[in-house]
Each structure stands twice: as structure tokens, then as C-alpha cells.
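Chemist: Mapping of the sequence shown onto our numbering: position 193 corresponds to residue 313, and the numbering continues sequentially without gaps.
If you scroll down you'll find the structure; I have some questions about it.
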Amino acid sequence: MQSAGSLRFPRSPLLFVVLLAAGMNACLDLSRGYVERCQYALEVRRDPSPDSNGAPLSTAVLGVRPFVAGPGLDGPGLVYRVAEARYESDFYHEFFVPPSDFVTTALRRWMADAGLFQAVVEPGALTETDYVIDGCVSRLLGDYRDRPEAQLELQIFLTHFGEKGPEIAFHREYTEIEPLREKDPEELVAAFRRALARILSRCESDLRTLLAEAG
Numbered sequence: 121m122q123s124a125g126s127l128r129f130p131r132s133p134l135l136f137v138v139l140l141a142a143g144m145n146a147c148l149d150l151s152r153g154y155v156e157r158c159q160y161a162l163e164v165r166r167d168p169s170p171d172s173n174g175a176p177l178s179t180a181v182l183g184v185r186p187f188v189a190g191p192g193l194d195g196p197g198l199v200y201r202v203a204e205a206r207y208e209s210d211f212y213h214e215f216f217v218p219p220s221d222f223v224t225t226a227l228r229r230w231m232a233d234a235g236l237f238q239a240v241v242e243p244g245a246l247t248e249t250d251y252v253i254d255g256c257v258s259r260l261l262g263d264y265r266d267r268p269e270a271q272l273e274l275q276i277f278l279t280h281f282g283e284k285g286p287e288i289a290f291h292r293e294y295t296e297i298e299p300l301r302e303k304d305p306e307e308l309v310a311a312f313r314r315a316l317a318r319i320l321s322r323c324e325s326d327l328r329t330l331l332a333e334a335g
């Protein structure tokens with residue numbers, strides 16, 4: 121007697137193999153062949169300032185904490201918006217490491233090359249920090265609806281550690297949109313790089329203004 125919930129397999133081994141193959145073909149189109157997985161890097165680098173070998177703008181030390189990823193952006197796959205309330209993650213096209221890690225490294229290197237601070241370090245280093253940046257990658261996707269475009273949004277918090285204790289120096293939400301000629305993963309990642317470079321340039325300008333006003 122067969123118990124409730126148990127499976128009954130065909131007694132003929134040949135029939136079982138035929139049914140199994142039919143089920144596999146319903147999920148996998150063997151005629152398409154092997155699909156290669158592609159991995160991408162979200163790397164940008166600022167050109168050194170002409171006076172980068174001179175004295176920095178400030179004697180302050182900046183710490184950059186690891187960025188966090190917003191909802192749905194903690195996975196490696198590229199994210200596409202295909203309808204008003206429908207998103208897809210691409211299993212075959214993904215970042216080599218989480219994009220939030222790329223953004224953290226890019227911002228740290230960018231600010232070091234900008235020459236605004238005496239040093240740019242990771243919090244927890246032996247050097248005491250005067251300012252610390254916390255951030256979130258709140259949007260990173262290809263909007264593939266009517267007009268394809270790359271969208272990148274970062275939220276950046278700057279905390280000043282002075283004599284009065286920690287104080288929020290500023291909070292900025294930087295958004296950049298880059299039009300796409302076609303729905304292509306490589307073009308999308310290239311657009312992300314351009315958008316990230318513009319955001320880091322804007323952040324540098326805001327930090328430069330803040331340090332100048334602080335004297």
C-alpha cells in the first residue's frame with residue numbers, strides 16, 4: 121500500500137528515463153547550448169590633481185566605511201526594471217564582487233587622489249579620523265522600459281568627530297541617469313561607471329566646499 125504523499129515511479133526503467141528526459145527538456149532547452157556567465161567590475165579612478173604632490177587642502181583625516189546595499193541590490197546579478205512593478209536579476213551577467221564593495225573602494229581612492237585630506241583610511245585603522253563617510257547604494261539598475269537607461273543613486277553621510285563629539289556634517293543623495301543605446305549588459309556596466317565617476321566628482325566638490333568653509 122502506498123502511503124499518502126509518496127511518489128510512484130513507473131516500473132519500467134526505460135519508461136522512467138523517457139519521462140525524466142521529457143521533464144528536463146521542459147525546463148532546459150538543450151538546443152541553446154551552454155550559456156557563459158560574464159562577470160564585470162565597477163571600477164573608476166580619478167585623474168590625479170595637478171597639485172596632488174603638494175600639501176593637501178586640509179590636515180584632516182577621512183575614514184570611509186563600507187557602503188551597504190539597498191533592498192534587492194545585495195546580490196551580484198545585474199538588475200533590470202522591465203515593468204512598472206517588475207524587476208529581474210540576471211544570473212548570467214553579474215558583478216565580480218558586490219557593487220557596494222566596488223563603490224567603497226572607488227570613493228576611497230577618488231578622495232585620496234583628490235588631495236583634500238591628509239589621509240584617507242578605513243575606519244579601525246591606527247590613524248584617528250576627523251571625518252567619516254557612511255553610504256548606501258540605494259539604486260543600481262538598468263531601466264529597460266520605454267527608453268533604456270542606467271540609473272545609479274548613492275546616499276552619503278559625512279560625520280565630523282570634533283571636540284563636541286560626532287556631528288552630521290552633511291547628508292547628500294546623488295542620482296545620475298545615463299541613456300543607453302541598447303539593452304546590453306556591457307553597455308549598462310559602462311554607463312554605471314560613467315555615472316559613478318560623475319557622482320564622485322560631485323561629492324568631491326561638496327567636500328571641497330565644506331573644508332574651505334571650515335577653514
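Glycine included, each C-beta is placed from N, C-alpha and C at the ideal position.
In this text, all values refer to a predicted model and were calculated from it rather than measured experimentally.
What number of angstroms, rounded off, separates the C-alpha of P196 from the C-alpha of A161?
Modeler: On the sequence shown, residue 196 is found 76 positions in, with the first residue counted as 1. On the sequence shown, residue 161 is found 41 positions in, with the first residue counted as 1. Cα-Cα distance, rounded: 11 Å.
Chemist: Nearest to Y212 by CA position, among C256, E204, E324 and R157, is which residue?
Modeler: Along the sequence shown, read from residue 1 onward, the residue named residue 212 stands at position 92. Closest option to Y212, Cα to Cα, is R157.
Chemist: Around the Cβ of I61, are there at least 16 other Cβ atoms within 10 angstroms (buried) or fewer (exposed)?
Modeler: A query on residue 61 cannot be resolved here, the shown segment of the chain reaching from 121 to 335 and no further.
Chemist: Would you list, in sequence order, the uninterrupted beta strand (DSSP E) runs of no fewer than 3 residues that lie entirely inside the stretch 233-288?
Modeler: You should have 239-241, 251-263 and 269-282.
Chemist: Please return the same chain residues whose Cβ sits closer than 8 Å to the Cβ of R318, not counting the five positions on each side in sequence.
Modeler: The sequence position of residue 318 within the sequence shown is 198, counting from 1. Closer than 8 Å at the Cβ level, and outside the excluded window around R318, lie E296.
Chemist: Should V223 and M231 be called a contact, given that it needs their Cβ atoms to be closer than 8 Å?
Modeler: Start at 1 with the first residue of the sequence shown, and residue 223 comes out as number 103. Start at 1 with the first residue of the sequence shown, and residue 231 comes out as number 111. Not in contact: V223 and M231 (Cβ atoms no closer than 8 Å).
Chemist: So is Y207 buried or exposed if we call it buried at 16+ other beta carbons inside 10 Å?
Modeler: Here the question's residue 207 lines up with position 87 in the sequence shown. Exposed, since its Cβ has fewer than 16 Cβ neighbours within 10 Å.
Chemist: In or out: T279 buried (at least 16 other Cβ within 10 Å) or exposed?
Modeler: As a position in the sequence shown, residue 279 is number 159, starting the count at 1. By the neighbour-count rule (16 or more Cβ atoms within 10 Å), T279 is buried.
Chemist: For F216, which of L198, L320 and A334 has the nearest alpha-carbon?
Modeler: As a position in the sequence shown, residue 216 is number 96, starting the count at 1. Selection L198, L320 and A334 evaluated against F216 yields L198 as nearest (Cα-Cα).
Chemist: Please return the same chain residues whose Cβ sits closer than 8 Å to the Cβ of V332, not counting the five positions on each side in sequence.
Modeler: Taking the sequence shown and counting its residues from 1, the one referred to as residue 332 is at position 212. The question names Val, but residue 332 in the sequence shown is Ala. Result list for A332: L177, in chain order.
Chemist: Based on the DSSP secondary-structure assignment, which residues constitute the bridge partners of D210?
Modeler: The residue given as residue 210 occupies position 90 in the sequence shown. D210 pairs with L198.
Chemist: In terms of DSSP beta bridges, what is G183 paired with?
Modeler: To locate residue 183, count along the sequence shown from 1; it is residue 63. Beta-bridge pairing links G183 to V241 and V252.
Chemist: By the DSSP assignment, the alpha helix (DSSP H) with E333 in it spans what residues?
Modeler: Working through the sequence shown from its first residue, we reach residue 333 at position 213. Start and end: P305 to A334.
Chemist: Rounded to whole angstroms, what is the Cα-Cα separation between P218 and D194?
Modeler: Position 98 of the sequence shown, counting from 1, holds the residue named residue 218. Position 74 of the sequence shown, counting from 1, holds the residue named residue 194. When rounded, the distance between both Cα atoms is 7 Å.
Chemist: With a CB to CB cut of under 6 Å and the five nearest residues on each side skipped, what residues in its chain are close to M144?
Modeler: Locating residue 144 in the sequence shown gives position 24, counting from the first residue. Confidence at M144 is low in this model, with a pLDDT of 36, below 50, so its placement is unreliable and the value that follows should be read with caution. Closer than 6 Å at the Cβ level, and outside the excluded window around M144, lies no residue.
Chemist: Given a threshold of 16 other Cβ atoms within 10 Å of its Cβ, counted over all protein chains shown, does D167 qualify as buried or as exposed?
Modeler: The residue you call residue 167 lines up with position 47 of the sequence shown. D167 is exposed by the Cβ-count criterion.
Chemist: Go through its chain and collect everything with a Cβ distance to A180's Cβ below 8 Å, but skip five positions before and after it.
Modeler: Sequence index remark: in the sequence shown, residue 180 carries index 60 (1-based). F237, Q238, D250, Y251 and L331, listed in sequence order.
Chemist: Tell me whether I288 is buried or exposed, calling it buried when 16 or more other Cβ atoms sit within 10 Å of its Cβ.
Modeler: By 1-based counting over the sequence shown, the position of residue 288 is 168. Per the 10 Å Cβ criterion, exposed.
Chemist: Are the CB atoms of A315 and A270 nearer to each other than 8 Å?
Modeler: Your numbering for residue 315 matches position 195 in the sequence shown. Your numbering for residue 270 matches position 150 in the sequence shown. Against a cut-off of 8 Å, the Cβ pair of A270 and A315 comes out as a contact.
Chemist: What is the DSSP secondary structure of V223, counted as helix, strand or coil?
Modeler: For the purposes of this step, residue 223 is taken as residue 103 along the sequence shown, with counting starting at 1. It is helical.
Chemist: How many whole angstroms separate the CB atoms of P299 and R322, which I take to be in contact at a CB cut-off of 8 Å?
Modeler: Taking the sequence shown and counting its residues from 1, the one referred to as residue 299 is at position 179. Taking the sequence shown and counting its residues from 1, the one referred to as residue 322 is at position 202. P299 to R322, Cβ: 19 Å. No contact.
Chemist: Candidates F277, E273 and V164: which alpha carbon is nearest A226's?
Modeler: Taking the sequence shown and counting its residues from 1, the one referred to as residue 226 is at position 106. Distances from the CA of A226 to each of F277, E273 and V164 were compared; the closest alpha carbon is that of V164.
Chemist: Who are the Cβ neighbours of L261 in its own chain at under 6 Å, not counting the five residues just before and after it?
Modeler: Residue 261 sits at position 141 when you count from the first residue of the sequence shown. Excluding residues within five positions, the ones whose Cβ falls inside 6 Å are V199, R201 and Q271.
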